[in-house]
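Right, one structure below, let's go through it.
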Amino acid sequence: MTVRAVAAVDLGATSGRVMIGRVGDGVLELELVSRFRNGPVEREDGLHWDFAALYEHIVEGLAQAIRREPAIESIGIDSWAVDYGLLAGGELLAEPFHYRDERTARGVEEVHAIAPFAELYRRNGLQFLPFNTLYQYRVDTRLADADVALLIPDLLAFLLTGARVAERTNASTTGLLGVESGEWDTELADRLGIPSALLPELVDPGTLIGELRPELAARIGATLPVIAVGSHDTASAVAAVPMTSPSAAYISCGTWGLVGLELSDPVLTDAARDANFTHELGVDGRYRFLHNVTGLWLLSETVRAWESEDGAPVDLPELLAAASAVDGTVPLFDANDPSLNAPGDMPGRIAALLRATGAEPPTDRAAFARSIVESIAAAFAEAITTAARLSGRPIDVIHLVGGGSLNALLCQATADRTGLTVLAGPVEATALGNVLVQARALGAAPATLEEMRALVAATHAPRRFTPHP
Ligand code: LRH
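Here UniProt numbering is used: the first residue of the sequence shown is 1, the next is one more, and so on.
So, in structure tokens, the structure goes:
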């Protein structure tokens with residue numbers, strides 16, 4: 001096996017990147033080509049993504065990738081879940097909404113009046129998140145004008161190739177996929193007034209979506225196939241978690257902390273529903289049995305507020321170093337409180353939550369940041385305990401991957417609060433999962449998830465955090 005190259009487009013809620021991945025002969029490496037900012041943009045009718053800018057960055061990044069590595073053989077795209085674009089006659093009807101837009105509250109009410117949450121959970125196995133796609137569809141007035149609805153990575157793949165598909169791992173976050181069948185629940189869609197004709201053909205990771213349109217091939221500098229990967233970023237990340245034992249749990253930590261286990265069968269119990277544990281589909285038909293914890297969003301929004309207060313950037317490494325040096329205990333708040341979901345005055349909202357529990361909010365920024373990190377770690381620990389209880393699986397190690405794995409304070413706090421060893425990294429698990437699934441489709445990576453994870457483990461040694469007594 002020689003070393004082969006692919007391009008990964010990986011879009012997170014705060015930044016996107018285009019990377020070159022190289023795989024083969026025991027090699028698995030990434031080269032960053034371009035990184036660009038992402039985030040909510042306020043428009044007249046609410047919060048959106050600046051989709052036109054994202055698209056330009058992606059095409060430009062791919063062209064740059066080909067200039068650097070002409071041997072690239074394919075492209076794979078992953079992004080955050082649940083959000084979508086509507087097309088009519090091949091044209092995007094409107095800029096996609098951001099899932100943190102508050103318009104979905106009415107969608108939740110209306111959907112639950114038709115199909116109560118307990119029934120939804122039986123059908124789709126999803127935790128309640130107010131922005132799950134079915135709630136968004138329900139209040140989208142443009143649905144009637146559309147002929148297809150495509151989630152963000154599928155929308156990008158359409159723009160690149162002209163093919164309309166729904167990649168299955170991301171489709172599982174819509175709420176319209178049967179948890180056991182893995183097929184569209186058209187009966188539910190019909191009842192909710194969502195035309196099932198909008199839901200495209202489902203494909204699994206590893207499927208060829210199509211070839212670049214000729215005009216894009218000319219601009220990018222190569223005629224390449226787009227291959228479906230675990231297009232839900234969390235699915236790609238979990239595929240690359242170097243787990244070696246069934247007793248391992250994972251935390252994929254970026255904007256969100258996705259805390260859970262990989263299972264081969266769903267746990268559709270009342271207890272799992274009450275604990276709001278989800279069953280998203282993973283690569284190779286696995287279940288991602290996990291719970292969403294609000295992750296680094298709390299810190300990034302806090303820093304953003306301080307920066308606009310100061311009119312100057314906050315040095316994050318310096319802030320975290322000062323937070324690590326804080327002596328004594330800091331007050332904790334519920335990281336998952338719904339008041340923390342929308343962008344805005346995060347320090348003010350956290351302070352209000354602390355006061356509501358009778359605690360005095362830290363006045364010093366280092367202590368405030370420490371309080372945020374400890375509160376996230378406490379929520380991680382609770383989700384880990386719950387995952388073990390609900391699944392009946394003992395957990396003996398936690399793999400923490402994604403941007404959060406660079407935050408030593410968070411990793412250590414998670415180890416301390418769970419009493420378990422935390423193996424941190426890889427930081428780019430999502431891009432690695434994207435690259436591996438493409439490479440496997442090309443015959444350039446091992447056949448099983450376990451072997452792919454062994455390759456990640458061999459090439460990306462984790463940093464170990466041992467719990468303090
Ligand atoms: C993480 C993520 C998560 C979803 C949220 C919308 O980026 O995809 O898995 O719940 O964004």
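Think of the CB as a built atom: it goes at the ideal place given N, C-alpha and C, for glycine as much as any other residue.
Do residue j and residue i come within 9 Å of each other at the CB atom, strictly closer than that value?
i              : j              : result
isoleucine 398 : alanine 239    : no
asparagine 434 : isoleucine 77  : yes
alanine 166    : leucine 199    : yes
threonine 414  : isoleucine 227 : no
alanine 5      : glycine 21     : yes
glycine 125    : proline 266    : yes
alanine 431    : threonine 234  : no
leucine 177    : leucine 320    : no
arginine 393   : leucine 423    : no
leucine 143    : leucine 188    : no
leucine 156    : serine 79      : yes
alanine 445    : alanine 454    : no
threonine 14   : arginine 37    : yes
valine 3       : glycine 61     : no
What is the C-beta distance between residue i and residue j, in whole angstroms, given that I count them as a contact (C-beta under 8 Å)?
i              : j             : result
glycine 295    : glycine 254   : 6 Å
valine 23      : leucine 87    : That pair is no contact at about 33 Å.
leucine 289    : leucine 261   : Inspection of the sequence shows that residue 289 is occupied by phenylalanine rather than by leucine. About 5 Å separates the two Cβ atoms, so the contact holds.
glycine 402    : alanine 237   : 6 Å
isoleucine 152 : leucine 263   : Rounded, the Cβ-Cβ distance is 26 Å, inconsistent with contact.
proline 225    : glutamate 211 : 5 Å
alanine 379    : threonine 418 : Going by Cβ atoms, the distance from alanine 379 to threonine 418 rounds to 11 Å, so no, they are not a contact pair.
leucine 281    : threonine 169 : 5 Å
valine 437     : glycine 206   : 6 Å
Classify residue i as helix, strand or coil using the three-state DSSP reduction.
i                 : result
tyrosine 99       : coil
residue 556       : Residue 556 lies beyond the stretch modelled for the chain, which goes from 1 to 469, so this question has no answer here.
arginine 355      : helix
threonine 234     : helix
glutamate 180     : coil
aspartate 45      : coil
asparagine 336    : coil
residue 479       : With the chain running from 1 to 469 in the structure shown, residue 479 is simply not present.
phenylalanine 277 : coil
arginine 164      : coil
serine 34         : strand
alanine 144       : helix
glutamate 211     : strand
aspartate 154     : helix
threonine 430     : helix
Looking at the secondary structure, which residues open and close the beta strand (DSSP E) in which residue i lies?
i              : result
proline 361    : From DSSP, proline 361 is part of no beta strand (DSSP E); its letter is neither H nor E.
isoleucine 395 : It is not in any beta strand (DSSP E) - isoleucine 395 carries neither H nor E in the DSSP assignment.
leucine 290    : 287-294
methionine 19  : 15-24
threonine 421  : 421-424
For residue i, collect the residues of the same chain with a Cβ closer than 8 Å to its Cβ; drop the 5 residues on either side in sequence, then sort them by chain order.
i                 : result
leucine 298       : Ala335, Leu340, Met346, Ile350, Ile372, Ser375, Ile376
leucine 354       : Pro331, Phe333, Glu360, Pro361, Ser371
phenylalanine 277 : Gln127, Gly260, Val267, Phe289, Leu290, His291, Thr386, Ala387, Leu390
Along the chain, where does the alpha helix (DSSP H) containing residue i start, and where does it finish?
i             : result
leucine 298   : 297-310
arginine 417  : 408-418
aspartate 190 : 186-191
alanine 240   : First-last for alanine 240: undefined, no H or E at that position.
serine 324    : 316-324
glutamate 63  : The identity of residue 63 in the sequence shown is alanine, whereas the question assumes glutamate. Alanine 63 -> alpha helix (DSSP H) spans 51-68.
Tell me which same chain residues have a C-beta within less than 7 Å of the C-beta of residue i, skipping the five on either side of it?
i             : result
alanine 271   : Leu390
aspartate 416 : Pro467, His468
leucine 208   : Pro225, Ile227
alanine 65    : Ala7, Val18, Ile20, Val33, Ile72
Please return the same chain residues whose Cβ sits closer than 6 Å to the Cβ of residue i, not counting the five positions on each side in sequence.
i                 : result
phenylalanine 158 : Leu150, Arg164
aspartate 396     : Ser247
residue 471       : No statement about residue 471 is possible, as the shown extent of the chain runs from 1 to 469 and does not include it.
tryptophan 49     : Pro96, His98
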